[in-house]
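Scroll down for the structure; my scribbles are underneath it.
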Amino acid sequence: MHRVAVLLLPPVVGFDAAIAPLLFGEAADDDGQPLYDVVVCGLDTDPVATIHGFGMVPAAGPEALATADTVVVPGTKFPSARDDGVLTPAARAAFDSIRPGTRMVSICTGAFVLAAAGLLDGRRATTHWKYAPELRGMFPRVAVDENVLFVDDGDVLTSAGLAAGIDLCLHVIRSDHGAQVANAVARHCVVPPWREGGQAQFIDRHLPVQDDATTASTRAWALANLGEDLTVERLARHAHMSPRTFNRRFREETGQAPGAWIRNRRVDHARELLESGDLTVDEVARLAGLGTGGNLRHQLRRGLGMSPSSYRKVFQGA
């Protein structure tokens, strides 16, 4: 079983620290058997202070890191990493015990710890938008992108602040075991299985709001009707807006143009259909609103680098 170690470094962000144990702990196969063995550890087994006035007691010490397949570092104000950009001797020894090839994940300001360990040098990474300038200034070799919810750079993944850790953990589960497992975890946690857009929509922006109109209900309607012809004009009519106003409002709310958003949601639906059944490629394309099997093949190769049949084999085999 894939082992996930969640490393608490004081003072830890309590919300961040709870994300990985909950989400990975809920992931199960069709028979209800857990897919991950999750352990919460510290530099010792003493209670770890949080930034909000309570403590968390790790179940294990740093020895748990040596047997982990994935290590998650939640957000923290760990002074040596946040203030000086280095690790303490104890933290350095803990990181040195991690096996080569172990997947490393940070949530929020946990990115400072990965950067202090030298794991983000030459890589693209993210953190909470508020602390991105600080991360960029302290670690100039890291390509910081504060406009995304998370960055998947293969064996090192970083997320933006707080709830973006949920997005990243769901992405990891989806990558490991497919959309059905990730969607079941999201449903249990009463959160969306994915969120469109990026951190830019949450950064302080003093934009005038002229009315209470939103595209949310139209997006929900579009998700239920992906197989139909969803032009901007038709979406705008559903939202009772002009196409120009709808386009602007949609971009403000999602960070994407309507056409790109619809295409991505159709590809997501096609992936779920490929994972969960034995429909032909043409039928999957039709139901997902992608038209032809050729278009589905094009979209999957462009986004994932594999054909529909290869994608189906990977996830149905897993």
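For the sequence shown, full-length UniProt numbering assigns the number 1 to the initial residue and increments by one for each residue that follows. Backbone N, C-alpha and C fix where the C-beta goes; we use that ideal spot for every residue, glycine too. The structure presented is a predicted model; accordingly, all values stated were derived computationally and were not measured.
Could you tell me how far apart the beta carbons of residue i and residue j are, in whole angstroms, since I believe they sit closer than 8 Å?
i           : j    : result
V105        : V172 : 7 Å
A94         : P62  : 4 Å
S97         : L135 : That pair is no contact at about 25 Å.
A132        : A81  : The Cβ separation is near 15 Å, so there is no contact.
residue 323 : H238 : Since the first residue shown for the chain is 1 and the last is 318, residue 323 is missing from the structure and cannot be characterised.
residue 346 : H269 : Residue 346 is absent from the model: the chain starts at 1 and stops at 318.
L162        : F15  : 6 Å
G291        : A285 : 6 Å
Nearest to residue i by CA position, among the options, is which residue?
i    : options                   : result
P47  : M56, S97 and A220         : M56
R234 : W194, E252, E253 and G259 : G259
G32  : S276, V181 and G255       : V181
Q199 : E228, V6, R302 and G255   : G255
G303 : T292, D282, G291 and R265 : R265
E275 : A179, P79 and A222        : A179
G118 : P133, A143, C108 and A132 : A143
L7   : D29, F78 and H52          : F78
H128 : L290, C108, R248 and E228 : C108
G101 : P74, R82, H269 and A68    : A68
M138 : H188, D84, F250 and R174  : D84
M306 : D153, A236 and R271       : R271
P140 : V148, D153, N147 and R123 : R123
D250 : A216, L226, G227 and E228 : In the sequence as presented, Asp is not what sits at residue 250; that position holds Phe. If we check each option's Cα against that of F250, A216 comes out closest.
E228 : A257, F15, V40 and R263   : R263
G289 : W261, S175, P89 and S310  : W261
I19  : H52, R195 and P74         : P74
With 16 as the cutoff for other CB atoms within 10 Å, does residue i come out buried or exposed?
i    : result
M1   : exposed
G110 : buried
P21  : buried
K313 : exposed
F246 : buried
R99  : exposed
V12  : buried
V72  : buried
Q210 : Here Q210 scores only 45 on pLDDT, less than 50, and its place in the model should not be relied on; the value that follows carries that caveat. Flag for Q210 reads exposed.
R205 : For R205, the predicted structure reports a pLDDT of 44, less than 50, and the residue's modelled location is therefore unreliable. The matter cannot be settled from this model.
G165 : buried
T76  : buried
V190 : exposed
V148 : buried
P308 : buried
A257 : exposed
A91  : buried
A236 : buried
For residue i, which residues in the same chain have their Cβ closer than 8 Å to its Cβ, ignoring the five residues on either side in sequence?
i    : result
L279 : L273 and L287
L207 : Caution is warranted here: a pLDDT of 40 is assigned to L207, below 50, making its placement in the model unreliable, and no coordinate value can be reported.
H188 : E26
D153 : R123, R124 and A125
Quick one: residues in its chain with C-beta nearer than 6 Å to the C-beta of residue i, no 5 flanking neighbours on either side, listed in chain order?
i    : result
V4   : F24, Y36, V38 and T70
T158 : S106, A111, A125, T126 and V151
D155 : R103
P299 : Pro is not the amino acid found at residue 299; the sequence shown has Gln there. Taken in chain order, the residues that qualify are V267.
A222 : L230
D44  : G61
D282 : G293
L120 : L114 and V142
Go through its chain and collect everything with a Cβ distance to residue i's Cβ below 7 Å, but skip five positions before and after it.
i           : result
residue 323 : Not covered by the structure: residue 323. The range shown for the chain is 1 to 318.
P193        : L170, A182, N183 and A186
A49         : P10, P11 and G55
L86         : Correcting the residue type first, residue 86 is Val in the shown sequence and not Leu. Closer than 7 Å at the Cβ level, and outside the excluded window around V86, lie S80 and A116.
P58         : L8, V40, C41, G42, T45 and V48
R174        : A182
**Request:** For the region 72-154, list the beta strand (DSSP E) runs that are entirely contained and at least 3 residues long, ordered along the chain.
**Result:** 103-106 and 150-152
**4-residue-minimum alpha helix (DSSP H) runs that sit fully inside the region 160-189, ordered along the chain** = 164-177 and 179-189
**Message:** Quick check on the DSSP output: what are the complete beta strand (DSSP E) runs of length 3 or more inside the region 205-271, in order along the chain?
**Reply:** none
**Request:** Just list the beta strand (DSSP E) runs in the region 6-86, keeping only unbroken ones of 3 residues or longer that don't cross its boundaries, in chain order.
**Result:** 36-41 and 70-73
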